[in-house]
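S.K.:
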Amino acid sequence: MNRWRYRVVNRAIELFETILLAALLAGALISAVGALSLLPQVQFGPPLGEILTFGWYGQLTPSWHVDAVQAATHRHCLLKPAVMAATRGSMVVERRMPDGRTFLAHWAGGPTSDDAGNCGTDVDLTIGLGAMQTLVSVDAKAVHWHFVGS
2 MNRWRYRVVN RAIELFETIL LAALLAGALI SAVGALSLLP QVQFGPPLGE
52 ILTFGWYGQL TPSWHVDAVQ AATHRHCLLK PAVMAATRGS MVVERRMPDG
102 RTFLAHWAGG PTSDDAGNCG TDVDLTIGLG AMQTLVSVDA KAVHWHFVGS
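If you count the sequence shown from 1, you need to add 1 to reach our numbering.
1. What is the rounded straight-line gap between the Cα of residue 132 and the Cα of residue 33?
2. Does the beta-carbon of residue 30 have 16 or more other beta-carbons within 10 angstroms, so that it is buried, or is it exposed?
3. Restricting to runs no shorter than 4 residues, where is the alpha helix (DSSP H) found entirely within the stretch 55-129?
4. Reducing DSSP to helix, strand and coil, say where residue 53 ends up.
5. Per DSSP, what kind of secondary structure is residue 38 in: helix, strand or coil?
6. Using CA atoms only, rank isn't needed, just tell me which of 53, 122, 24, 138 is closest to residue 92.
7. Please identify the residue among 102, 118, 20, 10 whose C-alpha is closest to the C-alpha of residue 129.
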């Protein structure tokens, strides 16, 4: 009788452990699915209406640049923050493109580059998410963001 009771108790413990493990795995799966379902709603990059102003507020590396594309002509060009800061100007984030990884921004100010890669002085630009985030993080003293609403 003792062996039978011992086997019943052991099987009950094994069943409890299995059910507990299954419940923990189900909870983890539900949490992961919930987190992944929120991911498309997360917006990376600056919000629409942000203004990035360039002025000579600090020292910038002259050779540093990011790539952009002129929206009207699809010509590749360069944004060099040191040049943009020296000639002063601002960039307004106007729209996030449907792919979610590209922004349409308007630059108004001096030249964006001191060579043939200049984008222009009053131009709409298509800028990738990585390049936009890099522009924001260039140097807190040289680049300032202002929220004007969306």
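In this text, a Cβ means the ideal position worked out from N, Cα and C, and glycines have one as well. Note that the coordinates shown come from a computational prediction; the quantities given were computed from them, not determined experimentally.
M.R.: The short version:
1. C-alpha of residue 132 to C-alpha of residue 33: approximately 30 Å in a straight line.
2. exposed
3. 82-88
4. strand
5. Reduced to three states, the DSSP call for residue 38 is helix.
6. 53
7. 102
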